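In full-length UniProt numbering, the protein residues as written are 1 to 526.
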Amino acid sequence: MQSEPETVCNVAISFDRCKITSVTCSCGNKDIFYCAHVVALSLYRIRKPDQVKLHLPISETLFQMNRDQLQKFVQYLITVHHTEVLPTAQKLADEILSQNSEINQVHGAPDPTAGASIDDENCWHLDEEQVQEQVKLFLSQAGYHGSGKQLNLLFAKVREMLKMRDSNGARMLTLITEQFMADPRLSIWRQQGTAMTDKYRQLWDELGALWMCIVLNPHCKLEQKTSWLKQLKKWNRVDVCPWEDGNHGNELPNLTNALPQGANANQENMGQCKSLEYQHLPAHKFLEEGESYLTLAVEVALIGLGQQRIMPDGLYAQEKVCRNEEQLISKLQEIELDDTLVKIFRKQAVFLLEAGPYSGLGEVIHRESVPMHTFAKYLFTSLLPHDAELAYKTALRAMRLLVLESTAPSGDMSRPHHIASVVPNRYPRWFTLSHIESQQCELASTMLTAAKGDVRRLETVLESIQKNIHSSSHIFKLAQDAFKIATLIDSLPDITLLKVSLELGLQVFPSFIITTSKRKEFDPVL
Numbered sequence: 001m002q003s004e005p006e007t008v009c010n011v012a013i014s015f016d017r018c019k020i021t022s023v024t025c026s027c028g029n030k031d032i033f034y035c036a037h038v039v040a041l042s043l044y045r046i047r048k049p050d051q052v053k054l055h056l057p058i059s060e061t062l063f064q065m066n067r068d069q070l071q072k073f074v075q076y077l078i079t080v081h082h083t084e085v086l087p088t089a090q091k092l093a094d095e096i097l098s099q100n101s102e103i104n105q106v107h108g109a110p111d112p113t114a115g116a117s118i119d120d121e122n123c124w125h126l127d128e129e130q131v132q133e134q135v136k137l138f139l140s141q142a143g144y145h146g147s148g149k150q151l152n153l154l155f156a157k158v159r160e161m162l163k164m165r166d167s168n169g170a171r172m173l174t175l176i177t178e179q180f181m182a183d184p185r186l187s188i189w190r191q192q193g194t195a196m197t198d199k200y201r202q203l204w205d206e207l208g209a210l211w212m213c214i215v216l217n218p219h220c221k222l223e224q225k226t227s228w229l230k231q232l233k234k235w236n237r238v239d240v241c242p243w244e245d246g247n248h249g250n251e252l253p254n255l256t257n258a259l260p261q262g263a264n265a266n267q268e269n270m271g272q273c274k275s276l277e278y279q280h281l282p283a284h285k286f287l288e289e290g291e292s293y294l295t296l297a298v299e300v301a302l303i304g305l306g307q308q309r310i311m312p313d314g315l316y317a318q319e320k321v322c323r324n325e326e327q328l329i330s331k332l333q334e335i336e337l338d339d340t341l342v343k344i345f346r347k348q349a350v351f352l353l354e355a356g357p358y359s360g361l362g363e364v365i366h367r368e369s370v371p372m373h374t375f376a377k378y379l380f381t382s383l384l385p386h387d388a389e390l391a392y393k394t395a396l397r398a399m400r401l402l403v404l405e406s407t408a409p410s411g412d413m414s415r416p417h418h419i420a421s422v423v424p425n426r427y428p429r430w431f432t433l434s435h436i437e438s439q440q441c442e443l444a445s446t447m448l449t450a451a452k453g454d455v456r457r458l459e460t461v462l463e464s465i466q467k468n469i470h471s472s473s474h475i476f477k478l479a480q481d482a483f484k485i486a487t488l489i490d491s492l493p494d495i496t497l498l499k500v501s502l503e504l505g506l507q508v509f510p511s512f513i514i515t516t517s518k519r520k521e522f523d524p525v526l
């Protein structure tokens with residue numbers, strides 16, 4: 001600013017193999033990011049490299065000096081900075097003159113200007129103390145909106161480092177995690193038996209997601225992963241380390257607004273996506289011809305969505321399972337499928353149907369395996385125009401909801417890659433069950449709509465509904481859906497769909513009679 005006096009700052013920057021390894025500035029600003037003066041000098045060095053004189057390591061310069069030059073050099077250095085270096089200079093001189101001193105037991109002397117050895121790891125400068133102080137400050141201001149925003153900016157910085165393969169990414173995340181573990185509120189919540197706030201849970205979720213990115217990084221060395229695993233286990237053993245479900249208390253949060261309810265809830269988010277212009281960028285280093293980064297990304301997403309995984313115990317973790325699945329599917333829906341991507345969908349659908357215990361669409365699954373209804377609906381609608389038989393096969397396989405079955409199918413145990421469904425004695429606590437049943441109902445409704453006019457497929461879908469859907473209200477809703485689809489104004493009534501509607505209505509009718517009779521006992525008007 002013109003009103004402020006001009007100040008001169010002394011800046012020193014050390015480089016090692018094109019990385020800034022250390023910085024100092026006399027401005028006194030303390031931050032995890034470089035001050036404006038360091039940035040200015042870095043840009044000046046980049047834009048005008050000829051204007052910045054490069055020097056040999058100081059050890060090389062001293063080697064070229066004779067005795068008189070060395071004495072003059074030392075005395076002038078002490079004269080210029082006598083108040084700062086004189087005590088150190090006198091101490092070093094005494095030690096050098098003493099034959100038994102520790103300094104004389106070491107050959108040579110250190111040279112901070114020589115840089116690291118070619119075999120040493122080099123990394124960008126990171127002020128670890130400042131990272132710790134900043135995170136501690138933001139956590140102490142948890143009640144303020146800006147603190148969460150600042151923490152998310154730190155997380156974004158870690159992601160940027162990981163993208164650039166900067167080893168500081170793991171260092172910085174370690175420092176952040178240590179401050180999160182030291183947050184005194186964790187002990188208070190644990191002692192009081194109360195759950196942490198939703199915003200705080202989301203920050204811990206981001207921590208977990210970033211650690212996943214680090215440990216799954218294919219470019220990391222085995223010893224690095226071993227070290228991180230040791231550190232993660234150490235944190236996990238700490239008493240105050242929060243559980244994944246984030247719920248230490250005895251009271252269950254209200255689920256009314258936690259997840260969308262009803263058969264059309266996520267539109268037996270996702271429907272408003274617009275196709276974006278995604279392009280196939282060739283991936284030359286991969287083996288198969290025609291692969292691109294887009295096809296690889298889509299294939300990895302389908303593999304992840306189709307993996308068999310056990311439903312976690314906690315409420316918050318179960319909500320996160322549903323939420324993450326729907327977010328990933330929503331992202332996939334932004335992509336317009338072409339012939340190349342349709343081949344990927346066919347390949348993965350067949351693989352998931354035949355993949356055994358690794359697939360949530362395998363022939364035999366664990367009783368508490370996360371249902372595939374939402375994912376199967378997306379596969380069904382994507383494959384239907386291109387391979388209707390495979391689309392129906394996938395959707396019908398996904399209709400099951402074994403957690404509500406009294407007995408689970410034993411499967412063909414002669415096939416070694418299949419696992420038996422285990423039926424535990426206890427009834428599992430699935431807090432998101434109503435949402436899951438809604439998704440099951442929506443999948444069934446989607447198949448009924450698509451099968452209009454096809455007698456064989458309508459009968460198959462009806463059998464699947466009668467076998468797998470246990471909720472009277474959802475069966476009744478499907479009966480209504482079938483009737484509406486069968487009697488559209490612009491077409492003739494579909495007799496088979498009307499029969500489906502009638503059968504579903506009759507199936508649920510006895511339960512409504514029982515419910516009504518119970519109400520009559522308490523309501524004389526009825």
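Glycine is no exception: its CB is placed at the ideal position from the N, C-alpha and C atoms.
Keep in mind the model is a prediction, meaning the values are calculated, not measured.
C-alpha of A93 to C-alpha of T197: approximately 60 Å in a straight line. For the 7 Å CB-CB criterion, F138 and S147 form a contact.
The continuous alpha helix (DSSP H) containing D205 extends over residues 198-215. A residue is called buried when at least 16 other Cβ atoms come within 10 angstroms of its Cβ; E437 meets this threshold and is buried. The beta-bridge partner set that DSSP reports for T24 consists of A12. Bridge pairing for S369: I310 [DSSP]. Counting only runs that start and end inside the segment 304-358, the alpha helix (DSSP H) elements of at least 4 residues fall at 315-332, 339-354. In the same chain as P282, and ignoring 5 residues on each side of it, the C-beta atoms closer than 7 Å to its own belong to S292, in chain order. With fewer than 16 other CB atoms across the displayed protein chains lying within 10 angstroms of its CB, H82 is exposed. In this structure, T21 lies away from H107, with their beta-carbon atoms at least 7 Å apart. For C35, no alpha helix (DSSP H) encloses it, and the DSSP letter there is neither H nor E.
Bridge partners of K230 according to DSSP: none are assigned. Annotation for M181: the continuous alpha helix (DSSP H) segment containing it runs 168-181. In the three-state DSSP reduction, S101 falls in the coil class, being neither helix nor strand. Beyond the five residues adjoining it in sequence on each side, L462 comes within less than 8 Å, by CB distance, of V500, E503, L504 in the same chain, given in chain order. Counting along the chain, E60 sits inside the alpha helix (DSSP H) bounded by residues 58-63. Pairing Q191 with A109, the inter-Cα distance amounts to about 54 Å. The alpha-carbon separation between L443 and G306 amounts to approximately 16 Å.
The three-state secondary structure of P282, taken from DSSP, is strand. Straight-line measurement puts the Cα of T61 at about 13 Å from the Cα of P112. Across the structure, P371 and Y392 are spaced so that their CA atoms are roughly 17 Å apart. Taking a cut-off of 8 Å on C-beta distances, the segment 488-499 touches the segment 440-460, as three or more cross pairs fall below it. Distances from the CA of A451 to each of A482, P428, Q439 were compared; the closest alpha carbon is that of A482. In this structure, the CA atom of L41 is about 40 Å from the CA atom of H280.
The DSSP-derived three-state label of S491 is coil. Excluding the 5 residues flanking it on each side, Q150 has same chain C-beta neighbours closer than 8 Å at Q134, F138, in chain order.
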